[in-house]
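Residue numbers (our numbering): 3 to 626. Below is one structure, written out as structure tokens; comments come after it.
Here it is, written out as structure tokens:
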């Protein structure tokens with residue numbers, strides 16, 4: 003059952019945040035309701051037990067009635083045993099309900115993070131997100147579990163005890179509970195001061211987590227540049243900030259919690275002093291004084307826990323604020339109202355006057371227009387920052403265009419569902435991402451229902467089958483976190499196998515052979531040649547073999563299509579392309595002449611180019 007979700011709020015007070023946290027408990031109302039019903043039964047037993055002790059003292063011990071005393075002791079044992087059993091079930095149900103809240107919250111955070119667009123993750127820190135998913139959720143779990151239960155229990159016990167003491171001896175009751183207003187004021191002031199400090203403490207803990215995650219992820223680079231000492235010093239500074247905040251929080255707790263206990267103990271001291279004098283004057287029985295003292299003793303534990311509970315409330319409010327910042331975040335890329343599934347496509351892609359700016363400020367594309375027919379190879383060429391990666395990120399809607407639109411088989415990508423669009427696009431990026439799972443699971447990541455035969459066939463097509471068999475456990479070999487146990491070429495071939503298995507109609511390749519040696523490159527080139535056949539392929543090209551095989555080359559400069567056409571056409575028409583060719587591509591051609599057979603385009607370039615389409619006329623004029 004999914005918990006109800008509140009509408010987002012830009013600024014929520016402590017009470018609003020706590021109520022919103024507690025609403026997640028509604029999915030487990032039966033467990034929580036049972037625990038709170040038992041609370042009243044347990045409190046009733048707690049109110050009965052001291053009165054029974056008083057009767058045992060007065061009617062048994064002082065009256066010399068051993069039979070009544072024996073019966074009373076057995077009754078006291080039975081009530082205590084019953085209270086213990088009910089407390090067990092209360093604790094179990096409370097814990098199950100609060101763990102359910104934590105389960106739902108973590109699922110909601112993970113689902114939200116998975117649905118948020120790239121722009122959110124571009125600015126978010128991994129350590130911050132980890133801290134909120136783990137530590138902050140745990141604080142909400144404690145709030146919705148024992149913290150609130152204990153506060154309600156203490157309140158009910160306080161009211162019940164006051165009524166019983168008032169019935170037994172009004173003057174003594176007022177004297178015993180006269181310290182409660184002072185106790186409440188100190189508790190309120192403690193919670194008010196602790197909450198902002200708790201928020202600051204949790205934020206600094208997230209900074210600490212981020213630093214640890216960053217240092218572990220970059221451990222190889224740190225060692226390669228001999229920067230261990232610098233990283234250690236940087237971590238010590240962050241850790242010292244967290245230590246100082248923790249010390250301030252500890253000082254605040256160290257002062258207020260004993261103060262709360264002292265105020266609560268003052269009531270007991272008054273009872274002993276004043277109640278003792280009443281017993282001496284025969285205005286109060288010894289049993290009643292013992293009962294009074296026992297009642298106050300029962301109140302002592304809830305009052306003593308009040309400091310911990312108030313701390314938990316403050317920390318949970320701060321944690322809830324950080325969690326709801328994630329849950330209320332708006333994704334810049336999401337299904338439009340009325341979005342329809344994209345039907346099976348052929349791979350006809352068209353950019354119409356597309357512009358894009360990161361964070362709405364840094365423009366990287368400006369009025370891009372081109373068209374790719376099904377089955378064509380589109381090579382993107384240009385300097386760093388010219389917009390190549392942005393174009394390939396816009397096709398699967400990792401980002402939304404600032405202006406213009408992108409059509410796939412005539413369908414505006416902004417009007418179709420994200421899943422149906424991305425399900426028909428395969429991507430092999432320069433920076434290959436593998437998961438800490440088996441090789442088989444990584445290949446089948448996009449098609450988890452694939453059979454063993456299909457996985458092996460995809461690995462063979464990607465020239466990966468042989469090296470996979472040489473690993474310790476074959477396809478069941480764990481690749482390690484981020485694939486660190488594999489070489490760059492091996493990771494790249496697994497990524498290609500993943501794309502082969504998906505069998506997409508549109509293929510995106512980001513310089514997919516940049517991390518491999520010459521021998522491995524030839525194997526990957528063969529795999530890519532088979533992979534691109536019959537698919538519309540967009541390739542960020544840094545190699546001559548790629549651009550010579552392309553049906554359309556887009557030369558990008560400062561976010562615009564500066565020139566477009568085939569390799570032969572651009573050599574004649576574009577000075578910019580000719581410069582790139584002579585500076586970057588021609589040396590590869592000379593090396594290729596010394597090592598024939600390395601070109602991906604040998605098979606493709608021999609085919610007819612009847613389907614070749616250059617960019618639209620305005621862009622062709624720009625290229626000229």
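Yeah, the Cβ is synthetic: ideal placement off N, Cα and C, and Gly gets one too.
Judged by their CB atoms, residue 208 and residue 130 are nearer to each other than the 8 Å cut-off. Nearest C-alpha to residue 206 among 189, 312, 413, 243: 243. In the three-state reduction of the DSSP assignment, residue 238 falls in the helix class, which pools H, G and I.
For residue 455, the enclosing alpha helix (DSSP H) begins and ends at 454-463.
DSSP assignment within the region 83-158 yields no whole beta strand (DSSP E) run of 3 residues or more. With a contact defined as Cβ atoms closer than 8 Å, residue 449 and residue 503 qualify at about 5 Å. Taking 3 residues as the minimum length, the beta strand (DSSP E) runs contained wholly in the region 320-407 are 351-360, 364-374, 379-384, in order along the chain. If you ignore the 5 residues before and after residue 158, its C-beta comes within less than 8 Å of the C-beta of 41, 42, 45, all in its own chain and listed in chain order. Contact between residue 509 and residue 534 holds, with the beta-carbon distance rounding to 6 Å and staying under 8 Å. When rounded, the separation of the alpha-carbon atoms in residue 488 and residue 116 is 26 Å. For residue 539, the uninterrupted beta strand (DSSP E) segment begins and ends at 538-542. Of the residues 567, 349, 454, 67, the one whose Cα lies closest to the Cα of residue 411 is 349. Contact annotation: the region 374-384 does not touch the region 437-448, with fewer than three C-beta pairs closer than 8 Å.
The residue from 233, 377, 161 with its alpha-carbon nearest to that of residue 301 is 161. Around the C-beta of residue 211, 16 or more other C-beta atoms lie within 10 Å, and the residue is accordingly described as buried.
Burial check for residue 566: the Cβ neighbour count within 10 Å reaches 16 or more, so the residue is buried.
By the criterion of a C-beta distance shorter than 7 Å, residue 442 is surrounded in its chain by 457, 477, 478, once the five residues flanking it on both sides are discounted.
Boundaries of the alpha helix (DSSP H) harbouring residue 443: 441-445, taken from the DSSP string.
The residue from 245, 256, 213, 29 with its alpha-carbon nearest to that of residue 233 is 213. The DSSP-derived three-state label of residue 476 is helix. Nearest neighbour of residue 98 by Cα position, chosen from 78, 114, 29, turns out to be 29.
Listed as beta-bridge partners of residue 427 by DSSP are 508.
In this chain, the beta strand (DSSP E) harbouring residue 565 covers 562-567. Counted as a single uninterrupted DSSP element, the alpha helix (DSSP H) harbouring residue 176 occupies residues 172-179. Our two residues, residue 398 and residue 374, have alpha carbons roughly 15 Å apart in a direct line. Counting only the Cα atoms, residue 69 lies some 17 Å from residue 289.
Per DSSP, residue 556 lies in no alpha helix (DSSP H) segment; the continuous beta strand (DSSP E) that holds it begins and ends at 554-559. As the crow flies, the alpha-carbon of residue 548 is around 19 Å from that of residue 563.
Within 10 angstroms of the beta-carbon of residue 138 lie 16 or more other beta-carbons, which makes it buried. Residue 283 and residue 182 have their C-alpha atoms spaced approximately 28 Å apart.
For the 8 Å CB-CB criterion, residue 277 and residue 174 form a contact.
Membership of residue 64 in any alpha helix (DSSP H) is not indicated, and neither H nor E is assigned to it by DSSP.
Going by DSSP, residue 52 is part of the alpha helix (DSSP H) stretching over 31-57. In the three-state DSSP reduction, residue 286 falls in the coil class, being neither helix nor strand. Ranking 419, 66, 240, 101 by CA distance to the CA of residue 24 puts 101 first. Contact between the region 351-363 and the region 400-410 is established, with three or more Cβ pairs separated by less than 8 Å.
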